[in-house]
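*Asks:* Residue numbers (the working numbering), protein chains in the order written: chain X, 84 to 289; chain U, 41 to 111.
Here it is, the structure in full.
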Amino acid sequence: MAVATLPHGGVHADEPDQLYIETRDLRLQGFLLFLVSDCVLFSSFIFAYLYLRNSGQGWPPPGIPRLDVPFAAWNSVLLFGSGATMHYALENWKHGNFMKYMLCLVATIILGAGFLGGQGYEYTNLIVNHHITWSGSGIFGASFFTLTGMHGFHVFVGVCYLTVLLMQSAAGVYQGQKHFGITAGTLYWHFVDVIWVLLFSIFYLI
Amino acid sequence: MHFDWVILERTGAIIGGIIVGVIAFYALWKDWKTPGIENQVFKLMLFLLGFGALLAIFAGAGVLGNFGKAA
């Protein structure tokens with residue numbers, strides 16, 4: 084349980100707003116630490132992938148076709164676009180434009196779900212048409228499905244998180260300056276975007 | 041009638057990338073002087089978002105992502 088102490092040593096047990104103000108920075112730091120730990124998780128997988136990729140006989144390995152770059156670029160734009168709408172959702176909240184905030188949040192959820200749909204389509208295409216699987220296509224299949232799958236799971240969690248934010252906002256859970264959940268959601272969604280910039284680069288562009 | 045999905049995907053990537061890139065860099069420029077730890081993180085992420093949009097534009101235009109052999 085979070086407890087904030089007064090300068091004279093008392094406790095704000097019955098003043099949630101004061102408690103909110105005093106613990107906001109702590110929660111922000113905690114959330115940023117969570118994002119850093121997620122960065123470490125992705126970094127370890129990415130460096131393992133790059134090491135394995137550079138220790139093999141060229142890339143992609145023999146028998147593996149080139150990935151569908153135009154489709155991935157289009158799908159990436161969906162995710163990057165959702166980052167932009169999420170940023171403006173927070174901006175609109177800060178400026179008191181509730182309807183615009185809700186519209187941007189809905190747009191973010193739709194774009195995020197669209198990205199997941201695109202990833203599902205790409206997986207289906209690779210598995211059905213090219214017979215590339217997680218366990219049966221060597222380093223390429225294992226690393227590709229592990230990293231993009233892990234990222235896809237993060238996007239799925241993000242979509243669920245934003246849907247909860249949408250419902251909470253409609254129910255009036257967040258008020259004025261008391262909106263740490265929205266800030267955390269925006270940070271998480273930007274993080275998911277940035278990780279995709281890396282994955283898009285290393286799997287499709289280099 | 042034959043419909044070329046690749047052209048549609050490339051066009052979508054380029055146009056969408058330009059829109060997202062402009063929005064990201066404009067938001068970065070607008071928020072440049074805002075203080076606070078979360079805003080510093082937002083600025084970094086907006087820059088990377090804009091960079092990602094640039095990559096998508098180049099990938100859509102066929103400038104990047106031409107390694108390996110075609111399927």
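All residues carry an ideal CB built from backbone N, CA and C; glycine is no exception.
Do SER159/X and TRP279/X have their C-beta atoms closer together than 8 Å?
*Replies:* Yes; because the gap between Cβ atoms is below 8 Å, this pair is in contact.
*Asks:* Just tell me which of PHE128/X, SER284/X, LYS261/X, GLY146/X has its CA closest to the CA of PHE106/X.
*Replies:* Per the sequence shown, the amino acid found at residue 106/X is Thr instead of Phe. Answer by Cα proximity: LYS261/X.
*Asks:* Is LYS183/X helix, strand or coil when you go by DSSP?
*Replies:* helix
*Asks:* Measure the alpha-carbon distance for PHE274/X versus GLY146/X and round it to whole angstroms.
*Replies:* 34 Å
*Asks:* Are the C-beta atoms of TRP157/X and some chain U residue less than 8 Å apart?
*Replies:* yes
*Asks:* Contact criterion: CB-CB distance below 8 Å. Does LEU135/X meet it with respect to chain U?
*Replies:* no
*Asks:* Our contact map puts PHE128/X next to MET233/X with C-beta atoms below 8 Å; I'd like the distance itself, whole angstroms only.
*Replies:* 7 Å
*Asks:* Could you pull the start and end residues of the alpha helix (DSSP H) that GLY241/X belongs to?
*Replies:* Annotation: the continuous alpha helix (DSSP H) that includes GLY241/X extends over 221 to 253.
*Asks:* Run down chain U in chain order and give the residues with a C-beta less than 8 Å from the C-beta of SER226/X.
*Replies:* Ordered by position in chain U, no residue passes the 8 Å Cβ test against SER226/X, which lies about 15 Å from the chain.
*Asks:* Quick one: residues in its chain with C-beta nearer than 6 Å to the C-beta of LEU150/X, no 5 flanking neighbours on either side, listed in chain order?
*Replies:* TYR287
*Asks:* Taking a cut of 8 Å between CB atoms, which residues from the stretch 64 to 79 of chain U lie near chain X?
*Replies:* ALA64, ALA67, ILE77, GLU78
*Asks:* Classify GLN202/X as buried or exposed, calling it buried when 16 or more other Cβ atoms lie within 10 Å of its own Cβ.
*Replies:* Looking at its Cβ environment, which holds 16 or more other Cβ atoms inside 10 Å, GLN202/X is buried.
*Asks:* Where does the unbroken alpha helix (DSSP H) through GLY56/U begin, and where does it stop?
*Replies:* From DSSP, the alpha helix (DSSP H) with GLY56/U extends over 45 to 70.
*Asks:* Please work out which residues of its chain come closer than 6 Å, Cβ to Cβ, to GLY90/U, disregarding the five sequence neighbours upstream and downstream, and give them in chain order.
*Replies:* GLY61, ALA64, PHE65
*Asks:* Between VAL247/X, LEU230/X, ALA253/X, LEU248/X, which has its C-alpha nearest CYS122/X's C-alpha?
*Replies:* LEU230/X
*Asks:* Closest by CA to GLY200/X, which one among SER120/X, LEU161/X, ILE222/X?
*Replies:* LEU161/X
*Asks:* How about THR231/X: is its C-beta nearer than 8 Å to some C-beta of chain U?
*Replies:* no
*Asks:* Suppose you measure from the CA of ASP44/U to the CA of PRO153/X; what does that come to, to the nearest Å?
*Replies:* 12 Å
*Asks:* Against chain U, with Cβ distances strictly below 8 Å, would LEU115/X count as a contact?
*Replies:* Yes, LEU115/X lies at the interface with chain U (some Cβ there is under 8 Å from its Cβ).
*Asks:* Expressed to the nearest angstrom, what Euclidean distance is found between the alpha-carbon atoms of ALA254/X and LEU188/X?
*Replies:* Their backbone Cα atoms lie some 15 Å apart in a straight line.
*Asks:* If you reduce the DSSP assignment to three classes, tell me which class GLN101/X lands in.
*Replies:* helix
*Asks:* If you follow the alpha helix (DSSP H) that PHE274/X is part of, which residue opens it and which one closes it?
*Replies:* 263 to 283
*Asks:* Tell me where the alpha helix (DSSP H) around HIS170/X begins and ends.
*Replies:* 152 to 177
*Asks:* Once the 5 residues before and after ILE54/U are set aside, which same chain residues still bring their CB inside 7 Å of it?
*Replies:* Contacts found: ILE97, GLY100, ALA101.
*Asks:* With DSSP collapsed to three states, give me the class of GLN5/U.
*Replies:* An answer regarding residue 5/U cannot be provided, because it is not within the stretch 41 to 111 covered by chain U.
*Asks:* Kindly list, in the order they appear in chain U, the residues whose Cβ is closer than 7 Å to that of LEU288/X.
*Replies:* LEU95, ALA99, LEU104, GLY105
*Asks:* Can you give me the C-alpha to C-alpha distance between ILE265/X and ASP108/X, rounded to a whole angstrom?
*Replies:* 14 Å
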